[in-house]
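Per full-length UniProt numbering, the sequence shown runs over residues 1 to 448.
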Amino acid sequence: MLAFPRLVYLLKFAGPALIVVWLVAYMVSDQPAYNSVVRQFKSERDIFITDFLDHDVGGQLDGSSISELCASKTWTPGLMLSCDPQSGGFGQVKDAHLNCIRFAIEAGAELVLPRIIKRDDKNVANTRPKNGGGPYIGEFIDYLFDYEYLNQTLSEHCPQLKLYRSMNELWDVPQVQSARKISLQDVGAKLNGSVIEDMNTLSEQIKSYIDRAEDPETRPFPIRFSSDVISSVFPTAYGNPELAKNFGRLLRPRKDARVLAAIALYNLHKKYQLNLDPKQGFQHSTFPGLHLRTEADATPIFPPFDDQVSTLVELVTNSTAGFAFVATGETEERRRKLSKKAEAVGVTMVYKQDLMLDEPEGRELLEQLTWDQRALVDYEIMLRAGLTVGLSGSIFDWNIALRRHSVPGADGEPESLATSSPIQHQDRYSILLGSSEKADTLRATIWP
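Quick look at the structure:
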């Protein structure tokens, strides 16, 4: 039996310890209560960043339509699909990856995720650099996207689809080191331009082609088929409307870029007293977000620099905000040129670099990102602007406009614009200008 003094001594320490253990257990079991307590010890800035990261524009992803899609397919054990690496910017790469994922689902196959071809940062117009005289095989998906989030979300909502981050995970499976080519044309899909006309028979067409190409009784197990880059192929209007809203959200920008966007937006919010609440995604009539697409890699489908600058200045001339955020990968010299023209009409142009001037660590991290990775920061800020203005030939801008279009209220009375440029898309939250021939295809196939 314990001596009384020793018992008192033990209880003196055991009592508080038990209380701490109970509190921890309670907080873990009651996450909202835990978060509420923790928030009291955070700064306003840290709370803003946390709320930004925890609340996506349009709310949390609803994976029920993805689960429904995957459950409707027949899955073939041992069948693998891979897709060629994609070059270009965030919008192009995201589109190609989503199309590859959808192709794998239609085929009922496991998927080796495509790599991403990193452009030459010293010459951004060179989107397919060579590596030692040979083709550059590309970066892992983490280069632009949050792989853990993608894997976790698909594991929950489409467990039938096994993902491989790269062929490196299959180094010890000799049967899949070579692959047989497959394309939508091979399987007999009827296309209208690049868009599939009949989705109802696509899965059966793919399976029939695979079985004809490689007899199920004699083919290797496992076996891999490989597709060229697929983009702007699947009509998003087909099937459950909720799928069109949620499928594109499988691919979320990498976390460090989202943190930088949160810091930048907080600094914008403080500088201009915007009263932003990141838990709301975005609030209409806060600040305009403009996209200047005139960088060295811009194709002739985009208007020249001077024309775009004139249009943007024309748009913000009567802005009540007095400033506009500009998403661009342009040089400092050309950013200054736009700013000077805007200042002449009393409007300040704000860039992501400006919002990091008092953030030494953030500025250093932004500078360490590649050209395409910095575009992710622009993307996340633009999603949260009050009104965005982009170009109808830009897949980046269609991603922003259609994502925001899914937010309640988008179909309300749109803003009246003082612009001579043709308007391809307009709702209460977003406007796309120009007369690009790609506009109808992008509108029909983008999963935002």
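Yeah, the Cβ is synthetic: ideal placement off N, Cα and C, and Gly gets one too.
- For residue 288, the three-state secondary structure derived from DSSP is strand.
- Taking a C-beta distance under 8 Å as the contact criterion, residue 225 and residue 102 do not qualify as a contact pair.
- Here residue 386 really is in contact with residue 287; their C-beta atoms are around 5 Å apart, less than 8 Å.
- The three-state reading of DSSP puts residue 125 in coil, since its state is none of H, G, I, E or B.
- Contact between residue 70 and residue 230 does not hold, since their C-beta atoms are separated by about 18 Å, which reaches or exceeds 8 Å.
- Bridge pairing for residue 426: 431 [DSSP].
- The beta carbon of residue 206 sits closer than 7 Å to those of 106, 107, 187, all from its chain and outside the five residues before and after it, given in chain order.
- Taking the Cα of residue 444 as reference, the smallest distance to any Cα among 434, 424, 429 is reached at 424.
- Counting C-beta pairs with one atom in each stretch, the region 395-409 and the region 355-373 have fewer than three that are closer than 8 Å, which means they do not touch.
- Using a Cβ-Cβ distance cut-off of 8 Å, the region 199-218 and the region 162-176 are not in contact, since fewer than three pairs of beta carbons, one from each stretch, lie closer than that value.
- DSSP places residue 309 in the uninterrupted alpha helix (DSSP H) bounded by 305-316.
- Distance from the Cα of residue 333 is smallest, within the candidate group 360, 294, 317, 311, for 294.
- Straight through space, the alpha carbons of residue 260 and residue 362 are spaced by roughly 7 Å.
- Per DSSP, residue 402 is not a residue of any beta strand (DSSP E); the alpha helix (DSSP H) it occupies stretches across 395-405.
- Leaving aside the five residues that flank residue 52 on each side, the residues in its chain whose CB is nearer than 6 Å to its CB run, in chain order, 262, 278.
- Beyond the five residues adjoining it in sequence on each side, residue 359 comes within less than 8 Å, by CB distance, of 263, 267 in the same chain, given in chain order.
- Using a Cβ distance threshold of 8 Å, residue 211 and residue 183 do not count as a contacting pair.
- The beta carbon of residue 311 sits closer than 6 Å to those of 421, all from its chain and outside the five residues before and after it, given in chain order.
- Bounds of the beta strand (DSSP E) holding residue 80 are 79-83.
- Per DSSP, the beta-bridge partners of residue 225 are 81, 180.
- Across the set 244, 82, 321, 296, the C-alpha of 321 shows the shortest separation from the C-alpha of residue 274.
- In the three-state scheme derived from DSSP, where H, G and I count as helix and E and B as strand, residue 162 is classed as coil.
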